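Reading through the structure tokens given below for one structure.
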Amino acid sequence: MAIVTLTINDEHLSGNDSDSILEIARQHKIHIPTLCHLDGLSEVGACRLCLVEVEGSSKLVSACATKPVEGMVIRTTTERLQRHRRTIIELLASEGNHQCAVCVVNEHCELQNLAYEVGLQYVRVPYLYPRKELDASHKDFIIDRNRCILCTRCVRVCHEVEGAHVWDIAHRGIHCEIVTGLDDPWGASEACTACGKCVLVCPVGALIEKGTTVAEMEKKRDFLKYIVTARQKREWIDIHEEG
Amino acid sequence: MTIEDLRERAQEERDRQGQLKRRILYCSAAGCISCGSKETAAALKQSVKSSGLEGECEIVGTGCMGLCGEGPLVKVQPDDSLFQQVDAPAAGDIVTRHIVKGESLPDHLVDQSAPFFASQVKIVLENCGRINAESIDEYLAVGGYDALGKALSELEPNEIIDEVRKSGLRGRGGAGYPTGLKWGIVQKAQSDQKYVVCNADEGDPGAFMDRSVLEGDPHRILEGMAIAGYAVGAQQGYIYIRAEYPLAIERLRLAIKQAERNALLGNRILDSNFSFRIDLRIGAGAFVCGEETALMRSIQGRRGRPKPRPPYPSERGLWEKPTLLNNVETFANIAPIIRNGGEWFAAIGTPKSTGTKVFALAGKIRNTGLIEVPMGIPLRTIIFDIGGGTPEGTEFKAAQTGGPSGGCIPTEHLDLPVDYESLAGVGSIMGSGGLIVMDSTSKMVDVAKFFMDFCADESCGKCVPCRVGTVHIAGLLQKIISKNATIEDMKLLEELCIMVKETSLCGLGQSAPNPVLSTLRFFRKEYEELLQPVEGFVPTNTVS
Numbered sequence: 002m003a004i005v006t007l008t009i010n011d012e013h014l015s016g017n018d019s020d021s022i023l024e025i026a027r028q029h030k031i032h033i034p035t036l037c038h039l040d041g042l043s044e045v046g047a048c049r050l051c052l053v054e055v056e057g058s059s060k061l062v063s064a065c066a067t068k069p070v071e072g073m074v075i076r077t078t079t080e081r082l083q084r085h086r087r088t089i090i091e092l093l094a095s096e097g098n099h100q101c102a103v104c105v106v107n108e109h110c111e112l113q114n115l116a117y118e119v120g121l122q123y124v125r126v127p128y129l130y131p132r133k134e135l136d137a138s139h140k141d142f143i144i145d146r147n148r149c150i151l152c153t154r155c156v157r158v159c160h161e162v163e164g165a166h167v168w169d170i171a172h173r174g175i176h177c178e179i180v181t182g183l184d185d186p187w188g189a190s191e192a193c194t195a196c197g198k199c200v201l202v203c204p205v206g207a208l209i210e211k212g213t214t215v216a217e218m219e220k221k222r223d224f225l226k227y228i229v230t231a232r233q234k235r236e237w238i239d240i241h242e243e244g
Numbered sequence: 021m022t023i024e025d026l027r028e029r030a031q032e033e034r035d036r037q038g039q040l041k042r043r044i045l046y047c048s049a050a051g052c053i054s055c056g057s058k059e060t061a062a063a064l065k066q067s068v069k070s071s072g073l074e075g076e077c078e079i080v081g082t083g084c085m086g087l088c089g090e091g092p093l094v095k096v097q098p099d100d101s102l103f104q105q106v107d108a109p110a111a112g113d114i115v116t117r118h119i120v121k122g123e124s125l126p127d128h129l130v131d132q133s134a135p136f137f138a139s140q141v142k143i144v145l146e147n148c149g150r151i152n153a154e155s156i157d158e159y160l161a162v163g164g165y166d167a168l169g170k171a172l173s174e175l176e177p178n179e180i181i182d183e184v185r186k187s188g189l190r191g192r193g194g195a196g197y198p199t200g201l202k203w204g205i206v207q208k209a210q211s212d213q214k215y216v217v218c219n220a221d222e223g224d225p226g227a228f229m230d231r232s233v234l235e236g237d238p239h240r241i242l243e244g245m246a247i248a249g250y251a252v253g254a255q256q257g258y259i260y261i262r263a264e265y266p267l268a269i270e271r272l273r274l275a276i277k278q279a280e281r282n283a284l285l286g287n288r289i290l291d292s293n294f295s296f297r298i299d300l301r302i303g304a305g306a307f308v309c310g311e312e313t314a315l316m317r318s319i320q321g322r323r324g325r326p327k328p329r330p331p332y333p334s335e336r337g338l339w340e341k342p343t344l345l346n347n348v349e350t351f352a353n354i355a356p357i358i359r360n361g362g363e364w365f366a367a368i369g370t371p372k373s374t375g376t377k378v379f380a381l382a383g384k385i386r387n388t389g390l391i392e393v394p395m396g397i398p399l400r401t402i403i404f405d406i407g408g409g410t411p412e413g414t415e416f417k418a419a420q421t422g423g424p425s426g427g428c429i430p431t432e433h434l435d436l437p438v439d440y441e442s443l444a445g446v447g448s449i450m451g452s453g454g455l456i457v458m459d460s461t462s463k464m465v466d467v468a469k470f471f472m473d474f475c476a477d478e479s480c481g482k483c484v485p486c487r488v489g490t491v492h493i494a495g496l497l498q499k500i501i502s503k504n505a506t507i508e509d510m511k512l513l514e515e516l517c518i519m520v521k522e523t524s525l526c527g528l529g530q531s532a533p534n535p536v537l538s539t540l541r542f543f544r545k546e547y548e549e550l551l552q553p554v555e556g557f558v559p560t561n562t563v564s
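Chains A and B are the protein sequences, given in the same order.
Residue numbers for the first sequence follow the numbering used here, beginning at 2 and rising by one.
Residue numbers for the second sequence follow the numbering used here, beginning at 21 and rising by one.
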């Protein structure tokens with residue numbers, strides 16, 4: 002572990018070289034949008050929203066999965082990055098069946114917030130309108146795959162924190178889906194402990210509590226903070242990678 | 021077995037072959053088998069028997085002889101006459117007329133002074149089509165495992181890496197990373213366990229270089245991997261091979277067994293203190309598993325999805341241990357480099373891209389097949405001299421290198437030397453060696469659509485740009501092809517291509533837009549001709 006100095010958006014900062022660029026930016030109140038990242042879970046670098054420019058490198062790097070190097074010069078808000086971020090949100094909006102007005106997490110949705118943030122007013126690509134399944138077989142929770150953005154937070158929290166590994170990804174490409182067990186109904190899962198962590202970490206309205214209606218579901222994620230602290234003190238299980 | 025035993029056995033095999041009057045070689049690679057070389061072999065055996073030549077003739081199935089479009093191929097040694105399109109009756113003629121009576125059979129005889137043969141330089145393919153791929157003795161007879169013997173008895177790991185570095189060899193999987201540098205990193209990594217992995221998950225449409233090497237000369241890969249294992253300090257190797265190559269898998273399995281029986285793999289190789297095992301891992305049909313991080317996860321029995329780099333496999337690879345990961349062709353170059361020295365290898369090709377490159381010629385070209393040429397050779401020589409140009413009555417339009425990650429190179433860049441930098445300069449890549457030729461009948465927008473559909477289909481779905489972006493790019497291309505698109509769609513197409521290229525997580529997504537971008541660059545007119553007319557829009561006239 003060593004302290005490195007780096008420049009983010011013309012600000013000279015110092016940080017720990019075992020932290021990611023994202024963590025250092027956040028320590029200094031520099032905002033970088035994220036979606037698949039969640040403090041306390043392993044990094045997958047999948048949503049590509051946190052991409053930043055590093056001077057001297059033609060490639061964009063994901064802030065969540067990149068460690069700083071002494072003297073690094075980073076930009077997080079260039080026109081190119083903002084354009085790409087807008088397109089990523091646009092692609093996500095076109096991929097699922099997102100109807101904010103009737104969604105249980107309306108006004109509490111990370112995808113919706115990001116759409117506001119990047120100024121997404123209309124979608125230039127055609128909506129794909131996929132046929133997706135909703136599974137309400139669990140006694141407490143519902144998964145509505147129409148709203149899933151495949152961030153895999155549920156997969157990771159279930160595997161890494163709860164240790165049950167109920168969720169995983171099936172199929173590939175545009176046909177990817179989050180499935181329970183070996184694509185069984187959620188209610189039939191013997192591994193599921195009904196802890197509800199997956200529901201709380203889900204950034205959108207894909208995983209929800211039963212009995213909530215439009216705009217009622219707010220997700221509390223404080224529990225992960227305590228787990229992170231415990232982990233830092235080595236009082237808890239080690240982080241494993243996403244499955 | 022010791023090195024002396026090894027050399028003795030090689031000599032015995034050479035003596036045995038020397039006593040034969042004739043060796044009749046027939047190509048038993050996948051291409052020739054599919055056009056009937058097994059029937060040819062049966063007919064050869066039959067007529068050798070009926071001509072009473074059994075004692076003095078040997079019939080041997082070999083690896084790829086190169087001229088795949090004209091199979092089945094048969095070669096007669098020692099005069100080295102090569103015959104094409106040898107069906108069963110022609111096989112009889114070869115024995116009864118060529119061997120017995122000495123006739124030349126002009127209908128089937130191939131002129132080996134033609135540029136197809138004369139312009140090639142064979143290092144990787146030196147044994148392909150010359151030896152029986154299923155016989156370790158034949159590999160020993162042509163100097164096989166000599167390099168491993170030399171490495172273990174005369175060279176320190178450092179010296180081997182120096183030799184590879186001096187050779188200037190660069191990764192043949194496509195990216196061209198200096199091999200010696202990679203070996204050095206893995207060697208320096210501190211770990212109780214290291215791995216050597218051979219990437220044989222060749223998946224580009226139209227590419228069959230690695231398959232041909234594995235089918236025709238499997239021991240060469242084992243030897244290269246064992247030398248690598250000794251150099252970097254690994255004791256376990258894996259070959260990750262796609263399940264679609266059953267013949268290559270069968271021959272590799274046999275080769276591993278033979279090598280283990282002869283103390284060339286396993287414990288205490290050639291009586292040294294070095295032990296090295298090789299196991300096969302069979303892919304399950306995902307193109308993305310050719311990407312190194314996805315490949316390693318697949319070997320571990322997990323879902324083949326890439327992850328961000330760094331850390332690179334050379335630091336943290338298989339089971340988080342330092343892992344040396346090279347392509348089939350890279351490993352195939354190792355034994356000759358150790359045998360002849362790095363400087364010998366560096367003298368071939370260009371200063372920055374040394375050695376040779378194997379290409380699989382496919383598409384609208386006369387001589388479909390497998391070739392090996394020195395780096396730096398002009399594309400024109402490959403396509404017109406070696407490949408014989410496009411079929412009669414059509415005109416060359418573009419060459420596609422690098423498969424779904426590559427680009428199309430038009431006529432005006434035909435004099436480009438084939439090396440890593442030059443190809444990248446025109447928006448394509450060297451790639452693993454697939455070379456698809458298109459003629460005037462090929463529509464470039466269709467070509468772009470084909471590759472984009474391929475990438476959308478093969479995307480693992482992990483990152484957003486590749487998962488969703490490729491689908492929309494393919495959709496826009498379809499819209500253009502069905503003449504429903506406007507200039508606005510073209511702009512969106514270009515923007516999406518750049519976005520997917522710049523933001524995707526792994527090489528698959530980052531290079532997926534290349535076929536579209538390069539056809540947009542060189543054949544924009546073909547796109548524009550399909551657009552809905554918009555008032556005031558002036559189409560591009562120049563192709564640049």
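No residue lacks a Cβ here, since even glycine has one placed at the ideal position from N, Cα and C.
Since we're looking at a predicted model, the values are computed, not measured.
query                                                                                                                      : result
Inter-residue CB distance, B/CYS47 and B/CYS84 (contact presumed, cutoff 8 angstroms)                                      : 6 angstroms
Nearest-angstrom Cα separation, counted from A/TYR123 out to A/LEU82                                                       : 19 angstroms
Buried or exposed by the 16-neighbour rule on C-beta atoms within 10 Å, applied to B/GLU392                                : buried
Which of helix, strand or coil DSSP assigns to B/ILE449                                                                    : coil
CB contact below 9 angstroms: A/GLU44 versus chain B                                                                       : yes
Under 8 angstroms by beta carbon: chain B residues contacting A/PRO127                                                     : HIS492, GLY495
Rounded Cβ spacing between A/TRP187 and A/ILE144 (contact assumed at less than 8 angstroms)                                : 6 angstroms
CB contact flag (B/LYS121, B/ASN346, <9 angstroms)                                                                         : no
Alpha-carbon spacing of B/PRO98 relative to B/ILE114, whole angstroms                                                      : 14 angstroms
Own chain residues within Cβ distance below 8 angstroms of B/SER292, not counting five before or after                     : LEU172, SER173
Segments of 4+ residues assigned as alpha helix (DSSP H) that fall wholly inside the segment 30-56 of chain B              : 50-54
Under 8 angstroms by beta carbon: chain A residues contacting B/ASP477                                                     : GLY174
Opposing strand residues paired with B/ALA643 [DSSP bridges]                                                               : For residue 643 of chain B there is no data in the structure shown, the boundaries of chain B being 21 and 564.
Three or more C-beta pairs below 8 angstroms linking the segment 497-515 of chain B and the segment 401-416 of chain B     : no
C-beta neighbour in chain A for B/GLY310, strict 9 angstroms                                                               : no
Within the segment 74-135 of chain A, ranges of the beta strand (DSSP E) (whole runs, at least 3 residues)                 : 74-76
Contact set between B/GLU74 and chain A, taken where Cβ atoms lie within less than 7 angstroms                             : What B/GLU74 touches in chain A: nothing, since even the nearest Cβ is about 54 angstroms away.
Those runs of the alpha helix (DSSP H) which lie wholly inside the segment 106-186 of chain B and span at least 4 residues : 108-113, 135-138, 156-161, 166-174
Alpha carbon of B/SER489 to alpha carbon of B/LEU516, nearest angstrom                                                     : Here residue 489 of chain B turns out to be Gly, not Ser, going by the sequence shown. If you take the alpha carbons of B/GLY489 and B/LEU516, they lie about 7 angstroms apart.
Cβ-Cβ distance between B/VAL13 and B/LEU274 below 9 angstroms                                                              : With chain B represented from 21 up to 564, any question about residue 13 of chain B goes unanswered, as that position is not in the structure.
Span separating the alpha-carbon of B/ASP35 from that of B/LYS142                                                          : 25 angstroms
Residues near B/ALA61 by beta carbon distance below 6 angstroms, same chain, minus five either side                        : TYR46
Rounded distance between the beta-carbons of B/LEU290 and B/MET21, thought under 8 angstroms                               : 6 angstroms
Beta carbon proximity, A/LYS60 to chain B, threshold 9 angstroms                                                           : yes
Where B/GLN376 falls: helix, strand or coil (DSSP)                                                                         : Sequence inspection shows Thr at residue 376 of chain B; the Gln mentioned does not correspond to that position. Strand.
Neighbour-count burial assignment, A/ARG132, 16 or more Cβ in a 10 Å radius                                                : exposed
Neighbouring residues, chain A, relative to B/THR313 (Cβ below 8 angstroms)                                                : Neighbours of B/THR313 on chain A: none; closest Cβ ~11 angstroms, over 8 angstroms.
Proximity winner among B/ALA227, B/LYS521, B/LEU551, relative to A/THR88 (alpha-carbon distances)                          : B/LYS521
Residue interval of the beta strand (DSSP E) (run including B/ALA220)                                                      : 215-220
The beta strand (DSSP E) enclosing B/GLN97, as first and last residue numbers                                              : 94-97
Buried versus exposed, by CB contacts within 10 Å (16 or more), B/GLU92                                                    : Per the sequence shown, the amino acid found at residue 92 of chain B is Pro instead of Glu. Answer is buried; the Cβ neighbour count reaches 16.
Min CB distance B/GLN552 to chain A below 9 angstroms                                                                      : no
Proximal residues of chain B, C-beta to C-beta of A/CYS48 below 9 angstroms                                                : CYS483, VAL484
Outcome for B/GLY310 when other beta-carbon atoms lying within 10 angstroms are tallied against a minimum of 16            : buried
Own chain, CB closer than 8 angstroms to B/THR562, minus 5 neighbours either side, in chain order                          : Annotation note: pLDDT 43 at B/THR562 (below 50); position unreliable, no value reported.
Cβ-based burial, B/PRO266 [other Cβ within 10 Å; buried from 16]                                                           : exposed
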